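A short write-up of the structure that comes next.
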Amino acid sequence: MSNTATELKLVDLGKTRGTDRKPAVRKELQSQLDYIRQSKVDHIYSPAVNKIYDLAMSYVEDAEKHANNGGRAAWTMGLWDCPFIYALDIVPISFTELGRLGSSDALTIAEDYFQFPKETCSMVGALLGEWFLRRDTTVRELVVFNASCEPLNMGYELIAAEGYNVYRYESVNHPRSKDSARLEQQIRFLTEELEDLAIRLTGKPVDLGRLNAEIDRANRVLAKVREIFDLRRNNPLYIKSLATMFLLMGSSHYFGKPEEYEATLELLIEELKTAEFIPSPKGKIVPLAWIGGRGQEFGVYKTIDDCGGAILSWSTPNSWTHDLPKLDNPLASIATHILGKTGGHIIGSPVLRLKYLEDIIRSFDSKGILFYSYVGCSFAGIHQEIQRDHFQKLGIPSISLEGTFQVGPPSGQLLTRIRAFVEMLT
Ligand code: SF4
135 MSNTATELKL
145 VDLGKTRGTD
155 RKPAVRKELQ
165 SQLDYIRQSK
175 VDHIYSPAVN
185 KIYDLAMSYV
195 EDAEKHANNG
205 GRAAWTMGLW
215 DCPFIYALDI
225 VPISFTELGR
235 LGSSDALTIA
245 EDYFQFPKET
255 CSMVGALLGE
265 WFLRRDTTVR
275 ELVVFNASCE
285 PLNMGYELIA
295 AEGYNVYRYE
305 SVNHPRSKDS
315 ARLEQQIRFL
325 TEELEDLAIR
335 LTGKPVDLGR
345 LNAEIDRANR
355 VLAKVREIFD
365 LRRNNPLYIK
375 SLATMFLLMG
385 SSHYFGKPEE
395 YEATLELLIE
405 ELKTAEFIPS
415 PKGKIVPLAW
425 IGGRGQEFGV
435 YKTIDDCGGA
445 ILSWSTPNSW
455 THDLPKLDNP
465 LASIATHILG
475 KTGGHIIGSP
485 VLRLKYLEDI
495 IRSFDSKGIL
505 FYSYVGCSFA
515 GIHQEIQRDH
525 FQKLGIPSIS
535 LEGTFQVGPP
545 SGQLLTRIRA
555 FVEMLT
């Protein structure tokens, strides 16, 4: 996928600054790439936002080239695992990218070849099908944290049988009890799992000095992301919702190019400090919270912006609110971060996240919550049930959205529900 200037010559929606911005009629957007191209045009005033999209669009291809040219890359979660993976001299390729890049053929492969039932979560089918379709062209290494559901665990086994090297490491959960000895024991266990994983991946222990440097980089990047989110409060649509989601995803894996990504954040901070205000097509902007998966149906984000909303409070698997702790053993820093001992709970009961979610919702004064999950995910269903109930009691309205992981436009029904929800809050 190229990211040439010609892409910016797509449909110019009129003036992008000032209150005279005119909505224009445009053709229906169908694919994820359509939405990205259109969003690049919508952000024509921002070289930094366009650069984030350029980094995203060249990410997988460039990581694969890096591996073909003698470097190393591996498919990974692309989250808090990234400082560790980079410290092993491996470029992490995030699983999430497969949803954006995939085709509907992937689900056909999952059902017909792997015999997954139709009701299986689309994320499992899309990942498995895409890895199968790309088996002769992509990197055949997967680094997998055993924190997922059984269908995905099963998928990893099936793809290993197709010639992929699957490196798994065990998961633990932050205990609900206040038993600190138990938590410390789990941190030790996870630390040892990471030690062992480094040896299985590279034949030697991870370089702790390098890992410390990667943790410092991750914390520098997170501080910049927080500064951007803070500046964005006063100009939410300068970085629209889809672009913000990409910015957030990059905060973990840097799209395989750490220096370029960090420089882009600095550019964005400078832009935001002097940017003209970007008005909403509806006049007033309703601040919203997004809790759940990183939606692959990009029309959802566009619809939110178009009908007067702006997502300011983000809670996705990309944890951005808290730094990784600096401990004597950097592997323990990562384990501690995963288990949320120092805030921003990542792995564990959804009940442990309620206070954290309240804080980010209050901090951005969000008026409503969009819960997002993939059809067929029973985990997310339970999490949402608990969280919805909690926020209902606090008087914060919410809506539960279920989407799919593979490419294609969102359903009209989904978009109608979003419009109705945002209009209700206006
Ligand atoms: S979204 Fe839920 S069901 Fe689907 S792969 Fe993730 S955890 Fe499993």
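Numbered per the numbering used here, the sequence shown spans residues 135 to 560.
No residue lacks a Cβ here, since even glycine has one placed at the ideal position from N, Cα and C.
All values derive from a computational prediction rather than experimental measurement.
Run through the DSSP bridge pairs and tell me what Trp209 is partnered with.
As a working mapping, residue 209 is identified with position 75 in the sequence shown. Answer by DSSP bridge pairing, in chain order: Ile227 and Leu276.
Do you know offhand how far Pro157's Cα is from Val194's?
Here residue 157 refers to the residue found at position 23 of the sequence shown. Here residue 194 refers to the residue found at position 60 of the sequence shown. Per-residue confidence for Pro157 stands at a pLDDT of 36, beneath the threshold of 50, marking its modelled position as unreliable; the derived number appears in the next sentence. For Pro157 and Val194, the distance between alpha carbons rounds to 34 Å.
So, does the region 484-492 touch the region 375-388, judging by three or more C-beta pairs under 8 Å?
no
For Ala197, which residues of its own chain have a beta-carbon under 6 Å away from its beta-carbon, when the five flanking residues on both sides are left out?
In the sequence shown, the residue the question calls residue 197 occupies position 63. Contacts found: Ala207, Val225, Ile227 and Gly390.
Let me confirm a value: Ile472 is counted as buried when at least 16 other C-beta atoms fall within 10 Å, else exposed. Which label applies?
Here residue 472 is taken as the residue at index 338 of the sequence shown, counted from 1. Classification for Ile472: buried.
Identify every residue that forms a DSSP beta bridge with Phe505.
Taking the first residue of the sequence shown as position 1, residue 505 is located at position 371. The partner list for Phe505 (beta bridge, DSSP) reads Ile425 and Ser534.
Mind listing which residues have their beta carbon within less than 7 Å of any non-hydrogen atom of ligand 1? Chain order is fine.
Cys255, Met257, Val258, Ser282, Cys283, Pro285, Leu286, Gly427, Ser507, Tyr508, Gly510, Cys511, Ser512, Phe513 and Ala514
My guess is that Gly482 and Thr450 are in contact by the Cβ rule of under 8 Å, so how many angstroms apart are they, rounded?
Along the sequence shown, read from residue 1 onward, the residue named residue 482 stands at position 348. Along the sequence shown, read from residue 1 onward, the residue named residue 450 stands at position 316. About 16 Å; that fails the 8 Å criterion.
Counting only runs that start and end within the region 428-502, where is the beta strand (DSSP E) found for 3 or more residues in a row?
443-449
Contact check, Trp265 vs Ser453, beta carbons under 8 Å
Along the sequence shown, read from residue 1 onward, the residue named residue 265 stands at position 131. Along the sequence shown, read from residue 1 onward, the residue named residue 453 stands at position 319. Not closer than 8 Å, so no.
For the beta strand (DSSP E) containing Tyr372, list its first residue and its last residue.
Here residue 372 is taken as the residue at index 238 of the sequence shown, counted from 1. First-last for Tyr372: undefined, no H or E at that position.
Residue range of the alpha helix (DSSP H) that includes Tyr388
Position 254 of the sequence shown, counted from the first residue, corresponds to residue 388. Segment: none, Tyr388 is in no alpha helix (DSSP H) and carries neither H nor E.
Need the endpoints of the beta strand (DSSP E) that Tyr179 sits in, please.
Indexing the sequence shown from 1 puts residue 179 at position 45. Looking at the DSSP string, Tyr179 is not in any beta strand (DSSP E), and its letter there is neither H nor E.
Would you check if the region 260-280 and the region 235-244 touch, i.e. whether three or more CB-CB distances between them fall below 8 Å?
yes
Report the three-state DSSP secondary structure of Arg344 (helix, strand or coil).
The count along the sequence shown starts at 1 and reaches residue 344 at position 210. Helix.
In or out: Asp440 buried (at least 16 other Cβ within 10 Å) or exposed?
Translated into the one-based positions of the sequence shown, residue 440 becomes position 306. That one is buried.
With DSSP collapsed to three states, give me the class of Gly263.
Along the sequence shown, one-based indexing puts residue 263 at 129. Gly263 falls in the helix class under three-state DSSP.
Counted within 10 angstroms of its Cβ, other Cβ atoms place Lys174 as buried (16 or more) or exposed:
Locating residue 174 in the sequence shown gives position 40, where the first residue counts as 1. Buried is the call here.
Between Phe505 and Ile533, is the Cβ-Cβ spacing less than 8 Å?
As a working mapping, residue 505 is identified with position 371 in the sequence shown. As a working mapping, residue 533 is identified with position 399 in the sequence shown. Contact flag set, yes.
Whose C-alpha, out of Gly343, Leu446 and Ile468, is nearest the C-alpha of Ser500?
Numbered from 1 along the sequence shown, position 366 holds the residue referred to as residue 500. Minimum Cα distance to Ser500 is reached at Leu446.
Cβ-based neighbour list, Ile362, same chain, cut-off 8 Å, excluding 5 preceding and 5 following
On the sequence shown, residue 362 is found 228 positions in, with the first residue counted as 1. Ile373, Leu381, Leu399, Leu402, Ile403 and Leu406, listed in sequence order.
Per-residue DSSP class, three states only, for Asn299
As a first step, residue 299 is located in the sequence shown; it is residue number 165 there, counting from the start. It is a strand residue.
Does the pairing of the region 461-472 with the region 325-341 give three or more beta-carbon distances under 8 Å?
yes
Start and end residues, alpha helix (DSSP H) containing Glu291:
The sequence position of residue 291 within the sequence shown is 157, counting from 1. Glu291 -> alpha helix (DSSP H) spans Glu284 to Ala294.
Quick check: what's the CA-CA separation for Val556 versus Leu371?
Translated into the one-based positions of the sequence shown, residue 556 becomes position 422. Translated into the one-based positions of the sequence shown, residue 371 becomes position 237. Each residue's Cα considered, the two are about 15 Å apart.
Can you tell which of Gly433, Glu296 and Pro413 has its C-alpha closest to the C-alpha of Gln166?
For the purposes of this step, residue 166 is taken as residue 32 along the sequence shown, with counting starting at 1. Nearest C-alpha to Gln166: Gly433.
Coil, strand or helix - Gly417 by DSSP:
To locate residue 417, count along the sequence shown from 1; it is residue 283. Three-state DSSP puts Gly417 in a strand.
Please list the terminal residues of the continuous alpha helix (DSSP H) segment that includes Pro339.
Taking the sequence shown and counting its residues from 1, one reaches residue 339 at position 205. No alpha helix (DSSP H) contains Pro339, which DSSP labels as neither H nor E.
Can at least three beta-carbon pairs, one atom from the region 282-290 and one from the region 253-261, be found at a separation below 8 Å?
yes
Given a cut-off of 8 Å, decide if Val273 and Arg302 are closer than it, judged by their beta-carbon atoms.
Within the sequence shown, residue 302 is the residue found at index 168, counting from 1. Within the sequence shown, residue 273 is the residue found at index 139, counting from 1. No. Outside cutoff.
Is it buried or exposed for Leu528, if we count other Cβ within 10 angstroms and need 16 for buried?
In the sequence shown, counting from the first residue as 1, residue 528 sits at position 394. It counts as exposed.
8 Å Cβ cutoff met for Ile425 and Gln521:
Looking up residue 425 in the sequence shown gives position 291. Looking up residue 521 in the sequence shown gives position 387. Contact flag set, yes.
On the CB-based measure, 16 or more other CB atoms within 10 Å of its CB, does Thr230 come out buried or exposed?
Stepping through the sequence shown from its first residue, residue 230 is reached at position 96. That one is buried.
Looking only at its chain, what residues have a beta carbon closer than 6 Å to the beta carbon of Tyr220, apart from the 5 residues adjacent to it on each side?
Position 86 of the sequence shown, counting from 1, holds the residue named residue 220. These residues qualify, in order along the chain: Glu348.
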